[in-house]
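These notes are about the structure you will find just below.
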Amino acid sequence: MCSSAKQIRPLNGIKVIELEGYVPVPHCGLILSDFGAKVTGEKTLPIDEHCLTRGKELILLNLKTEDGLKKAREMILCSDVLLDPFRPGVLEKLGLDPVKLLKDNKKLVVARLSGYGQTGDLSRTAGHDLNFASMSGIRTGNEFLPKDFLNAIETKKNINVIYENLFAI
Numbered sequence: 001m002c003s004s005a006k007q008i009r010p011l012n013g014i015k016v017i018e019l020e021g022y023v024p025v026p027h028c029g030l031i032l033s034d035f036g037a038k039v040t041g042e043k044t045l046p047i048d049e050h051c052l053t054r055g056k057e058l059i060l061l062n063l064k065t066e067d068g069l070k071k072a073r074e075m076i077l078c079s080d081v082l083l084d085p086f087r088p089g090v091l092e093k094l095g096l097d098p099v100k101l102l103k104d105n106k107k108l109v110v111a112r113l114s115g116y117g118q119t120g121d122l123s124r125t126a127g128h129d130l131n132f133a134s135m136s137g138i139r140t141g142n143e144f145l146p147k148d149f150l151n152a153i154e155t156k157k158n159i160n161v162i163y164e165n166l167f168a169i
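Here my numbering is used: the first residue of the sequence shown is 1, the next is one more, and so on.
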């Protein structure tokens, strides 16, 4: 019943670069890794083992240095997916403009997980599940709402990003 043969998973052979950010990006990277993708996570601080780092190769990089940017660019140019945790304009400011990266790596899928999208009035505002729940009114006057329900909003966004990546690949 059990086999010692290496398990073939749907995303075997897919390379993902995960830039360091809050929970949504590492959660997406975790799911892509669980499906077989080789996920390399960029970290700026000494690496902690954490439930969201399971199955990933973690490397120390400082994107604010020329060496760190050069290494990140090299990795991105041989990858299939880039998970971007930043608000609009940050990648461009760092020198990792997705438009330029796509010219050099035509197969690259750039998943941008900013809270409110890349355009619009709120696009440069930080946004997380608590913000979304508050703005929607779901937290108003509902003391019976299960506390862990709120994380469902963020998880749903992450699952949508996974689907979008799969369809784009």
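Even glycine gets a Cβ: it sits at the ideal position worked out from N, Cα and C. Given the structure is predicted, the values throughout are model-derived calculations rather than measurements.
Rounded distance between the beta-carbons of residue j and residue i, thought under 8 Å
i, j, result
"Arg124", "Leu96", "Going by Cβ atoms, the distance from Arg124 to Leu96 rounds to 18 Å, so no, they are not a contact pair."
"His27", "Leu52", "6 Å"
"Leu19", "Val25", "7 Å"
"Val16", "Gly36", "Wrong, their Cβ atoms sit about 10 Å apart, outside the cutoff."
"Lys56", "Gly68", "Not confirmed; about 18 Å, so no contact."
"Leu45", "Ile76", "With a Cβ gap of about 21 Å, Leu45 and Ile76 do not count as contacting."
"Lys71", "Leu61", "6 Å"
"Val90", "Ile14", "So it is not a contact: roughly 25 Å between Cβ atoms."
Helix, strand or coil at residue i [DSSP, three-state]
i, result
"Glu20", "coil"
"Leu96", "coil"
"Ala111", "strand"
"Lys56", "coil"
"Leu166", "helix"
"Asp84", "strand"
"Gly187", "Given a span of 1 to 169 for the chain in the structure shown, any question on residue 187 remains unanswerable."
"Lys106", "coil"
"Lys15", "strand"
"Lys64", "coil"
"Ser33", "helix"
"Arg73", "helix"
"His50", "coil"
"Leu101", "helix"
"Cys78", "coil"
"Pro10", "coil"
"Met1", "Caution is warranted here: a pLDDT of 49 is assigned to Met1, below 50, making its placement in the model unreliable, and the coordinate value is therefore given only provisionally. Coil at Met1, not helix or strand."
"Leu91", "helix"
Assigned exposure category for residue i - 16 Cβ within 10 Å defines buried
i, result
"Asp104", "exposed"
"Met1", "Its pLDDT being 49, under 50, Met1 is placed unreliably by the model, and the measurement read from it follows with that caveat. By the neighbour-count rule (16 or more Cβ atoms within 10 Å), Met1 is not buried but exposed."
"Glu66", "exposed"
"Ile8", "exposed"
"Asp121", "exposed"
"Val109", "buried"
"Val99", "exposed"
Is it true that the segment 110-126 meets the segment 81-99, where meeting means three or more beta-carbon pairs spaced less than 8 Å apart?
Short answer: they touch.
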